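What follows is one structure encoded as structure tokens, with my remarks underneath.
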Amino acid sequence: MAALTDLTIAQLSATLAKKEASAVEVADAHLGKLDEHRALNAFITETPDKAREMAKASDARRARGEAGLLEGVPLAIKDLFCTEGVQTTAASAILKGFVPPYESTVTANLWKSGAVMVGKTNLDEFAMGSSNMTSHFGGVENPWKRKGDNRKLVPGGSSGGSAAAVAAYMVPGSTGTDTGGSIRQPASFCGIVGLKPTYGRCSRWGVVAFASSLDQPGPFARTVEDTALMLQAMSGHDPKDSTSAPLPVPDFAAAARNPDIRGMRVGIPKEYRVDGTSEEIVTLWARGVDMLKAAGAEPVEVSLPHTKYALPAYYIVAPAECSSNLARYDGVRFGLRVPGKDLTELYENTRGAGFGKETRRRILIGTYVLSAGYYDAYYRKAQQIRALIARDFKQAFEKCDVLLTPTAPTAAFAAGDKMDDPVTMYLNDMFTIPASMAGLPGISVPAGLDKDGLPLGLQLIGRAFDEETLLRAAAALEKAAAFSGRATGY
Amino acid sequence: MSLIKGETGEWEIVLGLEVHAQVISDAKLFSGAPTTFGADPNTQVSLVDAAMPGMLPVINERCVEQAIRTGLGLNAKINLRSIFDRKNYFYQDLPQGYQISQYKDPIVGEGAVEIDLPDGKTRTIGIERLHLEQDAGKSLHDQHPSQTYVDLNRSGVALMEIVSKPDMRSADEAAAYLAKLRSIVRYLGTCDGNMDEGSMRCDVNVSVRRPGGELGTRCEIKNVNSIRFVKQAIEYEARRQIEVIESGGTIKQETRNFDSGRGETRSSRSKEDAQDYRYFPDPDLLPLIFTQEYVDQIRATLPELPDARKNRYIKDYGLSPYDAGVLTAEKETAEFFEAVAKGRDAKQAANLVTGDFFAMLKRRSATVETSPISAANLGKLLDLQADGTISGRIAKDLFVAMEETGKDPAVLVEERGLKQVTDTGAIEAAIKAVIDANPGQVAAYKAKPTMFGWFVGQVMKSTGGKANPKVVNELLKKVLDA
Chain A
777 MAALTDLTIA
787 QLSATLAKKE
797 ASAVEVADAH
807 LGKLDEHRAL
817 NAFITETPDK
827 AREMAKASDA
837 RRARGEAGLL
847 EGVPLAIKDL
857 FCTEGVQTTA
867 ASAILKGFVP
877 PYESTVTANL
887 WKSGAVMVGK
897 TNLDEFAMGS
907 SNMTSHFGGV
917 ENPWKRKGDN
927 RKLVPGGSSG
937 GSAAAVAAYM
947 VPGSTGTDTG
957 GSIRQPASFC
967 GIVGLKPTYG
977 RCSRWGVVAF
987 ASSLDQPGPF
997 ARTVEDTALM
1007 LQAMSGHDPK
1017 DSTSAPLPVP
1027 DFAAAARNPD
1037 IRGMRVGIPK
1047 EYRVDGTSEE
1057 IVTLWARGVD
1067 MLKAAGAEPV
1077 EVSLPHTKYA
1087 LPAYYIVAPA
1097 ECSSNLARYD
1107 GVRFGLRVPG
1117 KDLTELYENT
1127 RGAGFGKETR
1137 RRILIGTYVL
1147 SAGYYDAYYR
1157 KAQQIRALIA
1167 RDFKQAFEKC
1177 DVLLTPTAPT
1187 AAFAAGDKMD
1197 DPVTMYLNDM
1207 FTIPASMAGL
1217 PGISVPAGLD
1227 KDGLPLGLQL
1237 IGRAFDEETL
1247 LRAAAALEKA
1257 AAFSGRATGY
Chain B
2 MSLIKGETGE
12 WEIVLGLEVH
22 AQVISDAKLF
32 SGAPTTFGAD
42 PNTQVSLVDA
52 AMPGMLPVIN
62 ERCVEQAIRT
72 GLGLNAKINL
82 RSIFDRKNYF
92 YQDLPQGYQI
102 SQYKDPIVGE
112 GAVEIDLPDG
122 KTRTIGIERL
132 HLEQDAGKSL
142 HDQHPSQTYV
152 DLNRSGVALM
162 EIVSKPDMRS
172 ADEAAAYLAK
182 LRSIVRYLGT
192 CDGNMDEGSM
202 RCDVNVSVRR
212 PGGELGTRCE
222 IKNVNSIRFV
232 KQAIEYEARR
242 QIEVIESGGT
252 IKQETRNFDS
262 GRGETRSSRS
272 KEDAQDYRYF
282 PDPDLLPLIF
292 TQEYVDQIRA
302 TLPELPDARK
312 NRYIKDYGLS
322 PYDAGVLTAE
332 KETAEFFEAV
342 AKGRDAKQAA
352 NLVTGDFFAM
362 LKRRSATVET
372 SPISAANLGK
382 LLDLQADGTI
392 SGRIAKDLFV
402 AMEETGKDPA
412 VLVEERGLKQ
422 VTDTGAIEAA
432 IKAVIDANPG
442 QVAAYKAKPT
452 MFGWFVGQVM
462 KSTGGKANPK
472 VVNELLKKVL
482 DA
């Protein structure tokens, strides 16, 4: 029998259902991996006691015949989700030691479906970054390494810890949040599946906010089916989040188990062929098109003319919202307080010490673009661009059912690279940001390895609230790509 | 138009008011926390009000309905689509670091209010807009020698900011506007209008100009919390501005505070600290959209408002505009008056309510709700006079007895034997007694008929005021002139 930690969520569920293992045994096996790979720094807080306690309760439920969708499945939670009684930091010094007296809707939904929490994963501070290097708790190491090169690589970001934990088989699934690519890009870098649902599909209540109009929780797992199972448990209308969609939750898992894409029109946006994309990724993208075509889909060239404006517009909208969202970290009610001689100094000392460099940079950019005299030139214009981007997609989806693009322009890079010029780092999200700006669902599926043996993902983008079609296409791509790479040497 | 005389000629004051009215609602604008006044500090605070990480606002429909009601009461345009914006600034009692307000697209647009001036005239004051916003918490600076305490009970409470056009020209007009606004929201049940408890607060924009000339630079006087202070603040500030201009200075646009102890306004913020609020649409909230049907449903539930009621009193009851205005300013007073007047002579009822009754309330610092005399009993008092049971003089005494005991006047009349005597036999006997006892006066009357009144007084006195004065007059005349 395979090791419990090698099983997917679907396989674990079957194993648990057949009573071949208890939830406590499953939790212990995964906690052992947390011990073994602590050097990756994937977790900010490990919760072994809580995991065992939840696993015990899960076994009791199963014994009573009350097993939920994810009954007994151990999961890692991005440390941006507030978890009742468990430290929640957003990887920032300003929230170090903060223990919320409440549970986010998404995690509450997961626990309701029987899942077990093993810990809170590392991330870029306040989810701002594409390398996990901006975490106050240090960077995360990607379990993958280049062939014959022992240098540490980044797992991507911001949900780097969640992606690394799944890639290193510490957990079969984890939660992330995606604002401009924070699930899809690390999934690509770590050779796993990462799904950003439609904006409004998963509640943002209890998720530390970065950019409210873009933030969306979603799952990581090693298979498309597993991400579907997780999404099923995570999503649903939440009256506590005004932007949560009042829609029923479809049977995502059924969609993911049906890779029949005959007749499906797959759009290939020509504007995604941009300089700076690695040759290998361009080749992989073409192969992806062939694979879907071979599976019966019909490739269609489409145009998304405003694509090139998406990145600059994103770096106005997201910092603007962040500058306001992060105002509450003021040293008055919770988190870090560095005293000063008066209120202004208290703010300056606290926020100066509590926020890292990238967070401060984005707060400054956001404050600037919202300032009197600049609002029209920046924020308003960016919102106009955003509307045009959404229109581009709408028009494209008249000609196709899903879009296929690369997830990221490169494979995982070395820790410390791209740190000198923030724009170089921002460019990592050039393929993921447009869908974020339009609120559309996207999924990254591992589709191959580059010449250094590093995983590369392809992104599929779907219509709003049509994750089912997206999952079917993803399952087809997964089946055709038959990605079997596995990180070694960590 | 009332002008102020300065050293160099006459000046006109131009005034606009921004009134913050706390919405009557069980819960806050974006959270379920209660809004009771006077609760212990920080006991009415939800996770949203304290701006804990990851918390999100959800609009309270009741507050939206109240804002629409108020807009309709101000004869204003209701915007079926409005937007909530964030007004960003740092302060210890503003947990989110921004106030959720409405900036470019408020829920209510232009409207108009008719104000009643002391001389009985009316004027129309334009409403610029009404928008919904969150209140901040309260900073307590006097609880600790070096620290400030923060009470978040008020944080997130729904306010309606009602902005007038710069249509007022005197402190009296501003006072009348504020009084009318208060009256309207109280009629509507959308704000309790209680300025002492801060549920209605007022910012006054003051500028001066030569009559009919270009508008001057305005100063905003913040948080003036009674109608009396509004008048004082305006009068002081207008004088100050005129003095500055007349002595060759210029007015700089600024925010000022009113010191009610000294009756002065003082500059509160220098230009260097000018705030840039970085307004932008709150991404946590969708645009607020409702249908015209929804507005119409609310309109159908509006009560009769003070102006309509006042006009009805003038038309149906024949009251003077002044009395009608006084009686309708407060919904409770109007209802009290109507209960007294129902089925009776409305003018007499109005005289009694605005006269003795109001004087009694004032003397006792009471309101119609706490009055010892109920409307039903006051009405009975009028009935007892109308059917001749008591005289006007007895009515005065009876009123005092009612005030002291709170009893039904009919019961008091019985208890104290105050019934008017119309029995001619009893009155004739009293007249005979007076005449027999005062032969000298009778003689004097023959020479000087104006003495008649003295005899009436004596008879009334001897009957304890209970004799019907009309009957006394008739009979006395007969006897004396015989």
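Protein chains in written order, with this note's numbering: chain A, 777 to 1266; chain B, 2 to 483. C-beta: ideal position from N, C-alpha, C; glycine also. These numbers come from a predicted model, not from an experiment.
1. For lysine 1314(A), report the span of its alpha helix (DSSP H) as first-last.
2. Taking 8 Å as the threshold (C-beta atoms), are methionine 893(A) and leucine 851(A) in contact?
3. Check each residue of the region 978-1003 of chain A: if its Cβ is closer than 7 Å to any Cβ of chain B, include it; give the result in chain order.
4. By the criterion of Cβ-Cβ separation under 9 Å, what are the contact partners of glycine 55(B) in chain A?
5. Does the Cβ-Cβ distance between glycine 1132(A) and threonine 910(A) come in under 8 Å?
6. Under 8 Å, CB to CB, which of the residues in the region 1007-1035 of chain A have a partner in chain B?
7. Check the Cβ of valine 59(B) against every Cβ in chain A and list those closer than 9 Å, keeping chain order.
8. Grab me the residues of proline 282(B)'s own chain with a C-beta within less than 6 Å of its C-beta, minus the 5 sequence neighbours each way, in chain order.
9. Using beta-carbon positions only, say whether methionine 201(B) and glycine 190(B) come within less than 8 Å of one another.
10. Closer than 9 Å, Cβ to any Cβ of chain B: which residues of the region 1103-1133 of chain A, in chain order?
11. Straight-line CA distance for glycine 326(B) to aspartate 409(B)?
12. For a cutoff of 8 Å on Cβ pairs, would you count glycine 10(B) as touching chain A?
13. What is the C-beta distance between glycine 319(B) and lysine 348(B), in whole angstroms, given that I count them as a contact (C-beta under 8 Å)?
14. Using beta carbons (cut-off 8 Å, strictly below), is serine 938(A) in contact with chain B?
15. Are histidine 813(A) and methionine 904(A) close, meaning C-beta to C-beta below 8 Å?
16. Can you tell me where the alpha helix (DSSP H) with glycine 454(B) in it begins and where it stops?
17. Quick check: the region 336-350 of chain B against the region 307-321 of chain B, are there 3 or more CB pairs under 8 Å?
18. Could you tell me whether the region 992-1001 of chain A touches the region 949-966 of chain A, where touching means 3 or more Cβ pairs closer than 8 Å?
19. Identify, in the order they occur along the chain, each residue of the same chain with its Cβ nearer than 6 Å to the Cβ of glutamate 115(B), setting aside the five sequence neighbours on each side.
20. Using the Cβ count rule (16 or more neighbours within 10 Å means buried), how would you classify leucine 885(A)?
21. With a CB to CB cut of under 7 Å and the five nearest residues on each side skipped, what residues in its chain are close to proline 1026(A)?
22. Which runs of the beta strand (DSSP E) fall wholly inside the region 881-936 of chain A and span at least 3 residues, in chain order?
23. Would the region 1212-1225 of chain A and the region 1241-1256 of chain A be scored as touching if the rule is three or more Cβ pairs under 8 Å?
24. Please confirm whether leucine 886(A) has its beta-carbon closer than 8 Å to some beta-carbon of chain B.
25. For tryptophan 1061(A) and leucine 1234(A), which I take to be in contact (beta-carbon distance under 8 Å), what is that distance rounded to the nearest angstrom?
26. Taking all protein chains shown into account, decide if glutamine 276(B) is buried (16 or more other Cβ within 10 angstroms of its Cβ) or exposed.
27. So does the region 4-24 of chain B actually touch the region 156-174 of chain B, counting three or more Cβ pairs closer than 8 Å?
28. Taking only beta-carbon positions, decide if glycine 98(B) is within less than 8 Å of chain A.
29. Taking the beta carbon of asparagine 743(A) as the centre, do at least 16 other beta carbons fall within 10 Å, making it buried, or is it exposed?
30. Measure the beta-carbon distance from aspartate 1257(A) to methionine 1006(A) and round it to whole angstroms, keeping in mind my assumption that it falls under 8 Å.
31. Can you grab the Cα-Cα spacing for the pair glycine 465(B) / arginine 229(B), in whole Å?
32. So what does alanine 1190(A) bridge to, in DSSP terms?
33. Counting Cβ pairs, one atom from each stretch, are 3 or more of them under 8 Å apart for the region 981-990 of chain A and the region 1088-1107 of chain A?
34. On the CB-based measure, 16 or more other CB atoms within 10 Å of its CB, does arginine 1127(A) come out buried or exposed?
35. Below 8 Å on the Cβ atoms is my guess for phenylalanine 1028(A) versus leucine 1236(A); work out the distance and round it to an integer in Å.
36. So, does the region 243-258 of chain B touch the region 218-234 of chain B, judging by three or more C-beta pairs under 8 Å?
Straight from the coordinates:
1. The structure shown does not extend to residue 1314(A), since chain A is modelled only from 777 to 1266, so the question has no answer here.
2. Position 75 of the first sequence holds residue 851(A). Position 117 of the first sequence holds residue 893(A). Yes, the Cβ-Cβ distance between leucine 851(A) and methionine 893(A) is below 8 Å.
3. Arg980, Trp981, Gly982, Val983, Val984, Ala985, Ser988, Ser989
4. The residue given as residue 55(B) occupies position 54 in the second sequence. Correct list: Leu856, Phe857, Cys858, Thr864, Pro876, Tyr878, Ser880, Arg980, Trp981, Gly982, Val983, Val984, Ala985.
5. As a first step, residue 1132(A) must be located in the first sequence, where it is residue number 356. As a first step, residue 910(A) must be located in the first sequence, where it is residue number 134. Result yes, Cβ atoms of glycine 1132(A) and threonine 910(A) sit closer than 8 Å.
6. Answer in chain order: Pro1015, Lys1016, Asp1017, Ser1018, Thr1019.
7. Taking the first residue of the second sequence as position 1, residue 59(B) is located at position 58. Here the neighbours are Pro1015, Lys1016, Asp1017, Ser1018.
8. As a first step, residue 282(B) is located in the second sequence; it is residue number 281 there, counting from the start. Excluding residues within five positions, the ones whose Cβ falls inside 6 Å are Ile84, Asp86.
9. Within the second sequence, the letter at position 200 stands for residue 201(B). Within the second sequence, the letter at position 189 stands for residue 190(B). Cβ distance not < 8 Å, so methionine 201(B) and glycine 190(B) don't count as in contact.
10. Ala1103, Arg1104, Tyr1105, Asp1106, Val1108, Arg1109, Phe1110, Gly1111, Leu1119, Thr1120, Leu1122, Tyr1123
11. As a working mapping, residue 326(B) is identified with position 325 in the second sequence. As a working mapping, residue 409(B) is identified with position 408 in the second sequence. Approximately 29 Å between the Cα atoms of the pair.
12. On the second sequence, residue 10(B) is found 9 positions in, with the first residue counted as 1. Not an interface residue.
13. Along the second sequence, read from residue 1 onward, the residue named residue 319(B) stands at position 318. Along the second sequence, read from residue 1 onward, the residue named residue 348(B) stands at position 347. Going by Cβ atoms, the distance from glycine 319(B) to lysine 348(B) rounds to 6 Å, so yes, they are a contact pair.
14. For the purposes of this step, residue 938(A) is taken as residue 162 along the first sequence, with counting starting at 1. So no, serine 938(A) is outside the interface.
15. Locating residue 813(A) in the first sequence gives position 37, where the first residue counts as 1. Locating residue 904(A) in the first sequence gives position 128, where the first residue counts as 1. In this structure, methionine 904(A) does not lie closer than 8 Å to histidine 813(A) by Cβ.
16. Stepping through the second sequence from its first residue, residue 454(B) is reached at position 453. First-last of the alpha helix (DSSP H) with glycine 454(B): 453-463.
17. yes
18. yes
19. Indexing the second sequence from 1 puts residue 115(B) at position 114. Within the same chain, glutamate 115(B) has close Cβ partners Thr123, Thr125, Asp308.
20. Position 109 of the first sequence, counting from 1, holds the residue named residue 885(A). It is asparagine, not leucine, that sits at residue 885(A) in the sequence shown. Buried, because 16 or more other Cβ atoms sit within 10 Å of the Cβ of asparagine 885(A).
21. Against the first sequence, residue 1026(A) aligns to sequence position 250. The answer, listed in chain order, is Glu1244.
22. Qualifying beta strand (DSSP E) stretches, in chain order: 892-897.
23. yes
24. The sequence position of residue 886(A) within the first sequence is 110, counting from 1. It does not; no Cβ of chain B falls within 8 Å.
25. Counted from its first residue, the first sequence places residue 1061(A) at position 285. Counted from its first residue, the first sequence places residue 1234(A) at position 458. With 8 Å as the limit, tryptophan 1061(A) and leucine 1234(A) qualify as a contact, their Cβ atoms being about 6 Å apart.
26. Translated into the one-based positions of the second sequence, residue 276(B) becomes position 275. Classification of glutamine 276(B): exposed, given that the 10 Å Cβ count is below 16.
27. yes
28. Here residue 98(B) refers to the residue found at position 97 when the second sequence is read from its first residue. Glycine 98(B) counts as touching chain A.
29. Residue coverage of chain A in this structure runs from 777 to 1266, which leaves residue 743(A) outside it and unanswerable.
30. Reading the first sequence from its first residue, position 481 is the one you call residue 1257(A). Reading the first sequence from its first residue, position 230 is the one you call residue 1006(A). Looking at the sequence shown, residue 1257(A) is not aspartate but alanine. Wrong, their Cβ atoms sit about 21 Å apart, outside the cutoff.
31. By 1-based counting over the second sequence, the position of residue 465(B) is 464. By 1-based counting over the second sequence, the position of residue 229(B) is 228. The straight-line gap from Cα to Cα measures roughly 46 Å.
32. Position 414 of the first sequence, counted from the start, is the residue given in the question as residue 1190(A). According to DSSP, which records beta bridges pairwise, alanine 1190(A) is partnered with Leu929(A).
33. yes
34. Residue mapping note: residue 1127(A) aligns to position 351 of the first sequence, counting from 1. By the neighbour-count rule (16 or more Cβ atoms within 10 Å), arginine 1127(A) is buried.
35. Taking the first sequence and counting its residues from 1, one reaches residue 1028(A) at position 252. Taking the first sequence and counting its residues from 1, one reaches residue 1236(A) at position 460. Between phenylalanine 1028(A) and leucine 1236(A) the beta-carbon gap is near 14 Å, outside 8 Å, which marks them as no contact.
36. yes
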